[in-house]
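> Before we start, here is the structure in question, set down as structure tokens.
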């Protein structure tokens, strides 16, 4: 690029004399022009330029202009990711979150404005009105000016592709036959799918949304329920068959560490690992007990809780486990409390008819129990074991989820084809959200803003906005959606479609997926 007259004049002046200053971690060139010292003070750039000698020449100003342009690209991408689109309504400021007033489709910001020495570096960023073939080009021009005259200008462009609207399917992943439960690793990098009729487990890479591995289990195994160790290095899979086995898997290499025999005809439907990782408890659909596996020795204990277990919840301090039991007049319609120190039953708390799913409040003071045949939810004081009953609209509560603050309990109810919303303070059913189908699983985002409901008969997932308890969207997925799992950051929801043997991946909008930038 040719130097303009002003740049040439400056270069000639500084060729005979240069000074170097260091201030606040930056090397500052001193330009001697027409006998007047003009200091370039505190020039800020994304790369925080620091060299042993910054000569006031074309290359230096080009570097400043390039850095300003890159700052513009960075700010634009930050705004796109935070807003989920390639448009914005506020001026772009370095390191900002796009807050500010309206400034049209082109945004400008100072990277450095040294009014004392009349040196300014800045950028101006523009995006087209609409993407072309799904690709949006963000253009950023960085400029260096002195005394209001531009002495260098550089333009960079970045391609942005794949911005995704909130709550839509971004991938469909084929897995094994009859996928049921699923679990996301603690770091969110992997999703494990129990393929009940395929004798294996699919491992989905959450970055690529593709199956990265398939774990084959012992012959005749029907994997159904999952839980993981707190560090994610072990996966425990229950065998929903008459074999009654519990498989321990090393997730670092997907190898089977142990297969524990729980006893014939127990049909373990789920598994829960204690917070200290010392024990794994299986939810046995029959066999008259719950099974407790010592994860160090792989020894199994059966306390003998009753005919059918609905769910298991473990206290955060590892002291006790609560087991909902139904289907037996002597032991059923109760929640059995197990002392995990010696695996013995402490007491049996009477609740409603056919207790199933259970949820523990964030402070662990209250255990909520869905009574599937009674149209009620029991609230148990975990210290005194006192019970209060919450009556629901609809006779058949199935699955429950609490908002992270513990203030609202959402309950899928097949008796009314609705979702009950319970105020946990007043313990009343405050809203009934019609979803038009038998709903099974339910999940809540980590920030508590949305609840997702798997509509088994409609092949959809309903999105509920928790601020006003309304359905904002019904997302079409595969056939017979059964279980769901959400990533720790809340950005993706995985749905197992038991009728089409695949998994739907829903982008929740918590963070924009698919954005890729390339500058040139």
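Residue numbers (my numbering): 1 to 520.
Think of the CB as a built atom: it goes at the ideal place given N, C-alpha and C, for glycine as much as any other residue.
1) Would you say residue 315 and residue 364 are within 7 Å of each other, going by their C-beta atoms?
2) What number of angstroms, rounded off, separates the C-alpha of residue 271 from the C-alpha of residue 312?
3) Which value, in whole angstroms, describes the spacing of the CA atoms of residue 428 and residue 388?
4) In whole angstroms, what separates the C-alpha of residue 242 from that of residue 250?
5) Tell me whether residue 74 sits in a helix, a strand or coil according to DSSP, three-state version.
6) Compare the beta carbon distance of residue 324 and residue 356 with 7 Å and say whether it is the shorter of the two.
7) If contacts are defined as beta-carbon pairs under 8 Å, then residue 444 and residue 401 qualify, I think. What distance do you get, rounded to the angstrom?
8) Residue 121 and residue 144 - do their beta-carbons sit closer together than 7 Å?
9) What's the C-alpha gap between residue 509 and residue 166?
10) Around the C-beta of residue 440, are 16 or more other C-beta atoms found within 10 angstroms, so that it is buried, or is it exposed?
11) Which residue marks the beginning of the beta strand (DSSP E) containing residue 281, and which one marks its end?
12) With distances taken between CB atoms, is the gap from residue 502 to residue 273 smaller than 7 Å?
13) Consult DSSP for residue 152 and reduce its assignment to one of helix, strand or coil.
14) Since residue 446 sits in a beta bridge, which residues does DSSP pair it with?
15) Tell me which residues share the same chain as residue 146 and place their Cβ nearer than 6 Å to its Cβ, disregarding the 5 neighbours each side in the sequence.
16) Taking the beta strand (DSSP E) that residue 484 belongs to, which residues open and close that run?
17) According to DSSP, simplified to helix, strand and coil, what is residue 180?
18) If you draw a straight line from the alpha carbon of residue 472 to that of residue 412, how long is it in whole angstroms?
19) Among all the DSSP beta bridges, which residues are the ones paired with residue 397?
20) Buried or exposed: which applies to residue 367, given that a residue is buried once 16 or more other Cβ atoms fall within 10 Å of its Cβ?
21) Classify residue 214 as helix, strand or coil using the three-state DSSP reduction.
22) Would you tell me roughly how many angstroms separate the C-alpha atoms of residue 220 and residue 507, rounded to the nearest one?
23) Compute the Euclidean distance between the alpha carbons of residue 76 and residue 125, then round it to the nearest angstrom.
24) If the criterion is Cβ atoms closer than 7 Å, does the pair residue 282 and residue 303 meet it?
25) Using the C-alpha atoms, what's the distance from residue 204 back to residue 187?
26) Assign residue 231 to buried or exposed, taking buried as 16 or more other Cβ atoms, counted over all protein chains shown, within 10 Å of its Cβ.
27) Using alpha carbons as the reference points, say which of 179, 353 and 446 lies closest to residue 391.
28) For residue 500, I'd like the list of residues in its chain whose CB is within less than 6 Å of its CB, leaving aside the five on either flank, ordered along the chain.
29) Could you check what DSSP says for residue 67 in three-state terms: helix, strand or coil?
30) From the DSSP output, in three-state form, read off residue 424 for me.
31) Could you tell me which residues DSSP pairs with residue 228 in its beta bridges?
32) In the DSSP assignment, the beta strand (DSSP E) including residue 477 goes from what residue to what residue?
33) Please report the straight-line C-alpha distance between residue 198 and residue 247, rounded to a whole angstrom.
34) Which stretch, first to last residue, makes up the beta strand (DSSP E) that contains residue 250?
35) Closest by CA to residue 483, which one among 492, 454 and 458?
36) For residue 417, I'd like the list of residues in its chain whose CB is within less than 7 Å of its CB, leaving aside the five on either flank, ordered along the chain.
Here's the rundown:
1) Looking up residue 315 in the chain shown gives position 315. Looking up residue 364 in the chain shown gives position 364. For residue 315 and residue 364, yes; Cβs fall inside 7 Å.
2) Position 271 of the chain shown, counting from 1, holds the residue named residue 271. Position 312 of the chain shown, counting from 1, holds the residue named residue 312. Rounded to whole angstroms, residue 271 and residue 312 show a C-alpha spacing of 8 Å.
3) As a first step, residue 428 must be located in the chain shown, where it is residue number 428. As a first step, residue 388 must be located in the chain shown, where it is residue number 388. Going by the C-alpha atoms only, they are around 11 Å apart.
4) Locating residue 242 in the chain shown gives position 242, counting from the first residue. Locating residue 250 in the chain shown gives position 250, counting from the first residue. So the two alpha carbons sit approximately 24 Å from each other.
5) Taking the chain shown and counting its residues from 1, one reaches residue 74 at position 74. Reduced to three states, the DSSP call for residue 74 is helix.
6) On the chain shown, position 324 is the one that residue 324 refers to. On the chain shown, position 356 is the one that residue 356 refers to. Cβ distance < 7 Å, so residue 324 and residue 356 count as in contact.
7) Along the chain shown, one-based indexing puts residue 444 at 444. Along the chain shown, one-based indexing puts residue 401 at 401. Indeed they touch by this definition, with Cβ atoms about 5 Å apart.
8) For the purposes of this step, residue 144 is taken as residue 144 along the chain shown, with counting starting at 1. For the purposes of this step, residue 121 is taken as residue 121 along the chain shown, with counting starting at 1. Taking 7 Å as the Cβ cut-off, residue 144 and residue 121 qualify as a contacting pair.
9) For the purposes of this step, residue 509 is taken as the residue at position 509 of the chain shown. For the purposes of this step, residue 166 is taken as the residue at position 166 of the chain shown. So the alpha carbons of these two residues sit roughly 4 Å apart.
10) Residue numbering aside, residue 440 sits at position 440 when the chain shown is read from its first letter. Under this definition residue 440 is a buried residue.
11) Counting from one through the chain shown, the residue named residue 281 turns up at place 281. Note, residue 281: beta strand (DSSP E), 279-284.
12) Walking along the chain shown from the start, residue 502 turns up at place 502. Walking along the chain shown from the start, residue 273 turns up at place 273. Going by C-beta atoms, residue 502 is not nearer than 7 Å to residue 273.
13) Here residue 152 refers to the residue found at position 152 of the chain shown. Correct three-state label for residue 152: strand.
14) For the purposes of this step, residue 446 is taken as the residue at position 446 of the chain shown. Per DSSP, none; premise fails for residue 446.
15) Taking the first residue of the chain shown as position 1, residue 146 is located at position 146. For residue 146, where only same-chain residues beyond five positions count, the Cβ hits under 6 Å are 118 and 119.
16) Stepping through the chain shown from its first residue, residue 484 is reached at position 484. Note, residue 484: beta strand (DSSP E), 481-486.
17) The residue you call residue 180 lines up with position 180 of the chain shown. Strand, per DSSP.
18) On the chain shown, residue 472 is found 472 positions in, with the first residue counted as 1. On the chain shown, residue 412 is found 412 positions in, with the first residue counted as 1. If I take the Cα positions, the gap works out to 17 Å.
19) Residue 397 sits at position 397 when you count from the first residue of the chain shown. In DSSP, residue 397 forms a bridge with 413.
20) Within the chain shown, residue 367 is the residue found at index 367, counting from 1. Buried, because 16 or more other Cβ atoms sit within 10 Å of the Cβ of residue 367.
21) Mapped onto the chain shown, residue 214 falls at position 214. In this structure, residue 214 counts as strand in the three-state DSSP scheme.
22) What you label residue 220 is simply residue 220 of the chain shown in a count that begins at 1. What you label residue 507 is simply residue 507 of the chain shown in a count that begins at 1. Whole-angstrom Cα-Cα distance: 35 Å.
23) If you number the chain shown from 1, residue 76 lands on position 76. If you number the chain shown from 1, residue 125 lands on position 125. Going from the Cα of residue 76 to the Cα of residue 125 covers about 7 Å.
24) In the chain shown, residue 282 corresponds to position 282, counting from 1. In the chain shown, residue 303 corresponds to position 303, counting from 1. Contact: no.
25) Taking the chain shown and counting its residues from 1, the one referred to as residue 187 is at position 187. Taking the chain shown and counting its residues from 1, the one referred to as residue 204 is at position 204. Residue 187 and residue 204: Cα-Cα distance of roughly 13 Å.
26) Taking the first residue of the chain shown as 1, we reach residue 231 at position 231. With fewer than 16 other Cβ atoms inside 10 Å of its own Cβ, residue 231 counts as exposed.
27) Locating residue 391 in the chain shown gives position 391, counting from the first residue. Looking at the Cα atoms, 353 is the closest of the given residues.
28) Along the chain shown, read from residue 1 onward, the residue named residue 500 stands at position 500. The answer, listed in chain order, is 478 and 479.
29) For the purposes of this step, residue 67 is taken as residue 67 along the chain shown, with counting starting at 1. Residue state, collapsed to three classes: helix.
30) The residue you call residue 424 lines up with position 424 of the chain shown. Judged by DSSP in its simplified three-state form, residue 424 adopts coil rather than helix or strand.
31) The residue given as residue 228 occupies position 228 in the chain shown. Bridge partners of residue 228: 235.
32) As a working note, residue 477 is residue 477 in the chain shown. Unbroken run through residue 477: none, as it is neither H nor E.
33) Walking along the chain shown from the start, residue 198 turns up at place 198. Walking along the chain shown from the start, residue 247 turns up at place 247. Answer to the nearest angstrom: the Cα atoms are 15 Å apart.
34) For the purposes of this step, residue 250 is identified with residue 250 of the chain shown, where counting begins at 1. Start and end: 245-250.
35) The count along the chain shown starts at 1 and reaches residue 483 at position 483. Measuring from the Cα of residue 483, the nearest candidate turns out to be 454.
36) For this step, residue 417 is matched to residue 417 along the chain shown. Shown here for residue 417: same chain residues with a beta carbon closer than 7 Å to its own, the five before and five after excluded, namely 434, 435, 436, 437 and 438 in chain order.
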